[in-house]
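For the sequence shown, our numbering gives the first residue as 107, with consecutive numbering after it.
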Amino acid sequence: MTAKKRNWVPATLSEFDGVRFLHLDSIWVQGAMRIRKPDQLELEYIQRMCAWMLWRDEAELGQGHAVQLGLGAAALTRFSLGQLKMRTTAVEINPEVIAACRQWFRLPHDDARLEVVNGDAARWVTDDAHLQTANVLNVDLYDHEAESPVLDDEDFYAACRGVLSDGGLMTVNLFGRSASFARSALRIARVFGSDQVWSLAPTKEGNTVVVAARGVQVPHRDVLELRAANIESRFSLPARKWLRLVRPLPMSILNAL
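Here you go:
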């Protein structure tokens, strides 16, 4: 699947204090990579996009298929492919972003475990060929103005749920000058069910990560704490902090269901 030809917003770069940033012809950061530690997840909200790991059994962390909708600077793609050793698919509509990631952000070329699709995420998730094919789905879809998610309605989230296998997990970055967390979270909860949706407290930059599951039984707190400690040990991610920040959706949203 290839995106139709159009005048794409060019990908631009900046560097500061050892970190390379991806922009789409604006001041807004679309992704980042520490140049000397390319496998490290640099941005806090990108780290939190891995909070799905708390809901997944330790033995299953590196199994299955991970999908990213929106490539950014390829941080999550590199992580799921290189650190978790999962089969990985990334869907990115802007070919300029893919080219920048290949040249400047250590994105490998496609092989048996990696497929980078230059295409529309909305079309990808509604393709019947992708039904129940993903164990993990990371959704981070913003244009160059970063005002609100470019795909954010119930039909889209229903298609995302359809892509997940039983027990699959989705994380969504909700951020933007015009975005409404309550509006977006309500749409996700209507599709996944209120008992299958959680959120983390916002980062200082304003990113709120939502976790949604397809038929996951929430483990006991003791199990979650053990998983968090294991994630920190294996991947140097602040999973115990995630656990402190995870919460059910607010009652104001649940009452609107």
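Even glycine gets a Cβ: it sits at the ideal position worked out from N, Cα and C.
**Prompt:** Among 156, 203, 293, which one has its Cα closest to the Cα of residue 185?
**Reply:** It is 156.
**Message:** What would DSSP say about residue 338, mapped onto helix, strand or coil?
**Reply:** In this structure, residue 338 counts as helix in the three-state DSSP scheme.
**Message:** Let me check understanding here. Comparing Cα to Cα, which of 244, 178, 170, 267 lies closest to residue 119?
**Reply:** If we check each option's Cα against that of residue 119, 178 comes out closest.
**Prompt:** Taking the alpha-carbon positions, what's the residue 252 to residue 198 distance?
**Reply:** Residue confidence is low: residue 252 scores 49 on pLDDT, short of 50, so the model does not pin down where it sits. No coordinate-derived value is stated.
**Request:** Please name the residue, chosen from 281, 302, 332, that lies closest to residue 311 on a Cα-to-Cα basis.
**Result:** 281
**Prompt:** Can you pull the DSSP bridge partners for residue 137?
**Reply:** 128
**Asked** Is the Cβ-Cβ distance between residue 268 and residue 322 less than 7 Å?
**Response** Taking 7 Å as the Cβ cut-off, residue 268 and residue 322 do not qualify as a contacting pair.
**Request:** Starting from the C-beta of residue 114, find all residues in its chain whose C-beta is less than 6 Å away, skip the five residues before and the five after it, and write them out in chain order.
**Result:** 200, 202
**Message:** Using a 10 Å radius around the Cβ and a threshold of 16 neighbouring Cβ atoms, would you call residue 284 buried or exposed?
**Reply:** Low confidence applies to residue 284: its pLDDT is 47, below 50, so where it sits in the model is not reliable enough to give any reading.
**Prompt:** In terms of alpha-carbon separation, which member of 234, 326, 346, 139 lies closest to residue 206?
**Reply:** 139
**Prompt:** Applying the criterion that 16 or more other CB atoms from any shown protein chain within 10 Å of the CB defines a buried residue, is residue 166 buried or exposed?
**Reply:** exposed
**Request:** Thinking residue 172 and residue 242 are a contact (beta carbons under 8 Å), I'd like their distance in whole angstroms, please.
**Result:** 4 Å
**Message:** Check whether the stretch 294-302 and the stretch 254-266 are in contact - that is, three or more C-beta pairs closer than 8 Å.
**Reply:** yes
**Message:** With the cut-off set at 7 Å, would you say residue 316 and residue 305 are in Cβ contact?
**Reply:** Cβ atoms of residue 316 and residue 305: closer than 7 Å.
**Message:** So for residue 277, helix, strand or coil by DSSP?
**Reply:** strand
**Message:** Which residue marks the beginning of the alpha helix (DSSP H) containing residue 287, and which one marks its end?
**Reply:** 287-298
**Item:** alpha helix (DSSP H) segment containing residue 210, residue limits
**Value:** 201-210
**Item:** Pick from 327, 154, 227, 266 that is closest to residue 344, judged by C-alpha positions
**Value:** 154
**Asked** Counting along the chain, where does the beta strand (DSSP E) carrying residue 304 start and finish?
**Response** 303-306
**Cβ-heavy atom distance, residue 259 to the ligand HEM, below 6 Å** = With respect to the ligand HEM, the structure offers nothing, as it holds no ligand at all.
**Prompt:** Closest to residue 334 by CA distance: which of 162, 180, 181 is it?
**Reply:** 162
**Residue(s) in a DSSP beta bridge with residue 317** = 277, 304
**Message:** Applying the 10 Å Cβ sphere with the 16-neighbour rule, what's the burial state of residue 329?
**Reply:** Note on residue 329: under 16 other CB atoms within 10 angstroms of its CB, so exposed under the neighbour-count rule.
**Item:** Counterpart residues of residue 236 in DSSP-defined beta bridges
**Value:** DSSP output for residue 236 lists no bridge partner at all.
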